[in-house]
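Peer 1: The working numbering puts the first residue of the sequence shown at -11, with every later residue one more than the last. Virtual Cβ for every residue (Gly too), placed ideally from N, Cα, C.
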Amino acid sequence: LRAGMIQKLEEEITKINNESREKSRQCQEELSSYKAKLSEAVALANKLTQENEKKEITIKTLQGEINSFRKSLQESSSEYAIDKDVWKLQFEEATSTINQLIREKMKAEERANGLQTANKEFEGKIANLNQLIKKLT
-11 LRAGMIQKLE EEITKINNES REKSRQCQEE LSSYKAKLSE AVALANKLTQ
39 ENEKKEITIK TLQGEINSFR KSLQESSSEY AIDKDVWKLQ FEEATSTINQ
89 LIREKMKAEE RANGLQTANK EFEGKIANLN QLIKKLT
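#1: Work out the CA separation of Ala29 and Ile54 for me, nearest whole Å.
#2: For Leu(-11), which of helix, strand or coil comes out of DSSP?
#3: Confirm, please, whether the CB-CB distance from Leu117 to Glu18 is below 8 angstroms.
#4: Pick helix, strand or coil for Thr125, following the three-state DSSP scheme.
#5: Closest to Glu114 by C-alpha separation, out of Ser27, Glu0, Thr49, would be which residue?
#6: I'd like to know whether the C-beta atoms of Ala33 and Asn107 end up nearer to each other than 8 angstroms.
#7: What is the rounded straight-line gap between the Cα of Glu10 and the Cα of Leu89?
#8: Are the CB atoms of Asn40 and Glu97 nearer to each other than 8 angstroms?
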């Protein structure tokens, strides 16, 4: 009777160990998947940050060109009659371009913020999975 109970306990322990190993393997696979997704998200966030920086440089360059253009117009206006409509059109085109770049920059910042939030969520999930793995092993 005692030997039978010991055998049942050993079988139950073996079953629990096998289940634990399977759950641990599944957690490892899920953790690897999350890590891969996190790496992709970080790469995308870095790419968006680089795009942001390029757009900021472009905006600053355009602002410098507009300021230079304004100064040039002011200097030449005293010497030459400037066609007001042409100047206004050029100024509006430059302003429109700057506004478009600013909108794109804001969209990129929103995407970057979303990715940072997603990164934090992935990190939390990875931490939870690591705790689960520690409990299971």
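Peer 2: From the atom records:
#1: When the Cα atoms are used, Ile54 and Ala29 turn out to be separated by approximately 37 angstroms.
#2: coil
#3: The answer is yes: Cβ separation under 8 angstroms.
#4: coil
#5: Per the sequence presented here, residue 114 reads as Ile, with Glu not at that position. Of the residues Ser27, Glu0, Thr49, the one whose Cα lies closest to the Cα of Ile114 is Ser27.
#6: yes
#7: 52 angstroms
#8: yes
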